[in-house]
Amino acid sequence: MNISKNNSWLILSVVFTFFSLKFHVSSGAADTISAKQNISGDQTIVSAGGFFVLGFFNPSPGKSSNDYIGMWYNSKVSAKTIVWVANREKPVSDRFSSVLRISDGNLVLFNEFQIPVWSTNLTSTTTGSLEAVLLDEGNLVLNDLSNNLSEPLWQSFDHPAHTWIPGMKLRYDKRTNASQLITSWKNKEDPAPGLYSLQLAPDGSNSYVISWNRNEQYWTSGPWDENQRIFTLVPEMRLDYIYNFSYVSNENESYFTYGVKDATTPSRFIMDVSGQIKQLNWLEDNKGWFVFWSQPRQQCEVYAYCGQFSICNELRTEGFCTCLQGFEQKSMNDWNLEDYSGGCVRKTQLECKDNSLANGESHKFLEYTNMALSMHPQSLEAENIKECASACLNNCTCTAYSYEGNGCSIWLGNLLGLQQLAQGGKTIYIKLAASELSSYPKNKNNKGIVIGGVVGSVAFVVLIGLITPVYLRKRRRRSETIKVDREKKVRNQDGRAMLRLNMAVQFYHKERDVKNMVDSGQLKEEDKEGIDLPFFRFASIVAATDNFSEANKLGKGGFGPVYKGKFPEGQEIAVKRLSSVSGQGLEEFKNEVVLIAKLQHRNLVRLLGYCTEGGEKILLYEYMPNKSLDFFIFGGNLIVLLDWEMRFNIILGIARGLLYLHQDSRLRIIHRDLKTSNILLDQEMNPKISDFGLARIFEGKQTEGSTNRVVGTYGYMSPEYALDGFFSVKSDVFSFGVVVLEIISGRKNTGFYNSEEALSLLGYAWRLWQKDQASDIMDQKVRESSKTNEILRCINVGLLCVQEDPNDRPTMSNIVIMLGSEPVALPVPKRPAFVVRRGPSSVVTTSSSIKPETNAELTNSLEGR
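Counting with the numbering used here, you get residues -8 to 856 for the letters of the sequence shown.
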């Protein structure tokens, strides 16, 4: 029995040892591959700080047996994100029989048959001891331990895949005219080099370019601007509070590199399979990658995105790509972007003989209007369009022609890069077999015409031309008078298709619309002259928002939902659709339509137009891609994206916007609902004050007023307004002071409910001020980027703004001066008014008085989400 037990333990020991060798890295440095250490199976090495992992991975487990050696983020990023691949073009089939090891002076990957499939390919051999180390910046380096060389023998940073991580250099070698490429994956499940690549321009223009198939450049960054430290056509690079960009050029090389100011935030730059470059940061709160910017901005600007004989149209909701008529999708799979022949193929082949058509009458043309045309046409001399058509008709390899002015252009072979535009563009004629044309009726953008005198076809075209306007007129009259029928047709797929064919933004003369609003009592007669905005058709707004789809919904405010929209020419908008059940909507709608059109300032959001068709009340604003200020300062990890310099600039921008409203505009305007969620941020993080639904206009020298209907947002309302309905420019000053303190602290004024620290942020700031510890209010996450003197000055100004007595508060003109300069001494603030919300009864209290019957309403506003 004892012998049996001993044998059992021996067997278990052998099995344990076997699996340990099979599935785990040998003992030693966890970040190193050496002569005694290698990687096989599920073994990995991890960088010293735990930031990156190197090992085998399968990009499509369950679908493919292909394994690759790659690098990805460790536990800091919960979603497995590959940043580098060694054997992109030569996967292995069995990771457990394959091995990555040091061999003959190189780091080599051997497949299951012990055949090398990837190597560092160093030509000079060394007799020294080598080791490969995975560094915390994501660089795999091969070092010679026998030499004290400052540079590694080889490093993965010099051989990027599709990802460019901080610290990596994108190089151009002037001595060899060789550019370092960042190349997209073939598709999302295949890391082999794809169609799209990014590189520094080899022409010495100090710019970088994106190419298709390594030779067709379709996007450029523009040259490097040393003063602004950006590439001229990439204004997004002004986000220098997040990144450090550097461009270096000397006699031997040029290179571009970047770093992240917050090294704890994972960041990456990729050449995506979509053909766009994207700058992304990991947001821990959302457990996902946040795209800060991408280029080209529009997907259809990517050359040949849809493949051959196809059209890219971003107005489509079910995929951007469609085959030309007479062509069909190459396969039932997704659009094939793997090679230049991907896309569509002819249904009926053209009959050719001796490089000419066997029968000229058997081939005709289909017309496409409003098109961005394919690149690289051949130019021919032709006196008219008939000669141009004839030249293409009688050339067997000609697939299309275009005639503009006196210029004839033809395309031979594959047709790539066609894009459907909403308006403008050119006309192209696609060659088809005549038998195909009978299947395609004439419509606005695709009209079948026959080159030649075919009487039946001409009669058909004329008949369709007569019927179509009558049909469209009846449809338009019915849609304008019967809202229910109109919306039912909008939701119908054919109705949506028709709307998208006619999605061009239509500006109609607004006299009839304004008259209807006056006659219905929605506007007063004196309001007519105040409306100085374009009127938008409801159909164009429906199309721009994809029928107000949930996917485009940005949020819901007190006056109704807000949607993101996009007009055919690419302009993005925010659409506020006022709710029919909101009792507040009409007054606020009138206020914005009559008021905001008169305001023009860089720190105020622009109102682009309105619609009142069929009982709808809709406002169209410029779209703010970076959402609202509260999204950043109260958004968890997003707070680190706003360093002190950026916060100070936002404070200054808000102050200048309020100064314009109070003093510099044609009207004296009190906003009455200034808060962080009403401060929108544009692409360059400039603040813009939004939501003027509660604003009031003062005429002449009037500076104050009162109301029996108190509306606003708890925590931002001044005590005299919340309790007595009394408002003035000093009411906005109070709200501004609250916003300033929230920006500095990263905490909400009303976020101190049941807190032992204070009743509100104002009380907390006042307590610290009295203890001479005011700077302690600063958000700890950005303290390193702050300037103590500026912070104290802003806290001082913020406390001056929230003083209880309105007469003690400074004007916005004085505030701008105090913020923009460094006076010897600022006024000493008096005790602020601690306006807070108490429990579910919504009783409002202050430090001085109580008025429990205050009618206070919580309102929400348009946010650029």
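Think of the CB as a built atom: it goes at the ideal place given N, C-alpha and C, for glycine as much as any other residue.
Buried or exposed by the 16-neighbour rule on C-beta atoms within 10 Å, applied to residue i
i, result
"L189", "buried"
"I106", "exposed"
"H653", "buried"
"Q270", "buried"
"P678", "buried"
"M494", "Its pLDDT being 32, under 50, M494 is placed unreliably in this model, and the coordinates cannot settle the point."
"T366", "The amino acid occupying residue 366 in the given sequence is Met; Thr does not appear at that position. Exposed, by the Cβ-count rule."
"D763", "exposed"
"E80", "exposed"
"T603", "buried"
"C343", "exposed"
"D796", "exposed"
"L133", "buried"
"F101", "buried"
"Q28", "buried"
"V883", "A query on residue 883 cannot be resolved here, the shown segment of the chain reaching from -8 to 856 and no further."
"N243", "exposed"
"G404", "exposed"
"Q761", "exposed"
"A861", "The structure shown does not extend to residue 861, since the chain spans only -8 to 856, so no value can be given for it."
"P257", "buried"
"V239", "exposed"
"K858", "Outside the displayed range of the chain (-8 to 856) lies residue 858, so it cannot be described from this structure."
"R568", "buried"
Residue i - DSSP class collapsed to helix/strand/coil
i, result
"N798", "helix"
"R638", "helix"
"Q316", "coil"
"S766", "helix"
"G556", "strand"
"G310", "coil"
"C863", "The question about residue 863 has no answer, for the chain in this structure spans -8 to 856."
"A77", "coil"
"H653", "helix"
"E781", "helix"
"Y705", "coil"
"M62", "strand"
"C297", "coil"
"N787", "helix"
"A425", "helix"
"Y209", "strand"
"R220", "coil"
"M362", "strand"
Within 9 Å, strictly: CB atoms of residue i and residue j
i, j, result
"L110", "V124", "Per the sequence shown, the amino acid found at residue 110 is Ser instead of Leu. Taking 9 Å as the Cβ cut-off, S110 and V124 do not qualify as a contacting pair."
"K608", "F639", "no"
"E305", "G561", "yes"
"L131", "M62", "yes"
"A535", "V566", "yes"
"S245", "Y163", "yes"
"S619", "I660", "no"
"P616", "Q674", "yes"
Where the alpha helix (DSSP H) through residue i begins and ends
i, result
"S258", "Per DSSP, S258 belongs to no alpha helix (DSSP H); it is in the beta strand (DSSP E), 258 to 262."
"G728", "720 to 736"
"E711", "710 to 715"
"L136", "Counting along the chain, L136 falls outside any alpha helix (DSSP H), and DSSP gives it neither H nor E."
"E378", "376 to 384"
"A530", "529 to 535"
Contact belief for residue i with residue j at Cβ below 8 Å, rounded distance in angstroms
i, j, result
"N860", "A686", "Past the boundaries of the shown model lies residue 860; the chain is included only from -8 to 856, so the question cannot be answered."
"Y712", "T741", "The Cβ separation is near 16 Å, so there is no contact."
"I808", "I786", "I808 to I786, Cβ: 17 Å. No contact."
"G416", "A380", "That pair is no contact at about 19 Å."
"E103", "V76", "Contact doesn't hold; Cβ gap of about 18 Å is too wide."
"I173", "H150", "About 11 Å separates the two Cβ atoms, so there is no contact after all."
"P823", "L790", "6 Å"
"F356", "V336", "At roughly 19 Å, the Cβ-Cβ gap does not stay under 8 Å, so F356 and V336 are not in contact."
Range covered by the beta strand (DSSP E) that runs through residue i
i, result
"E372", "369 to 372"
"K269", "268 to 274"
"S94", "90 to 94"
"L98", "97 to 101"
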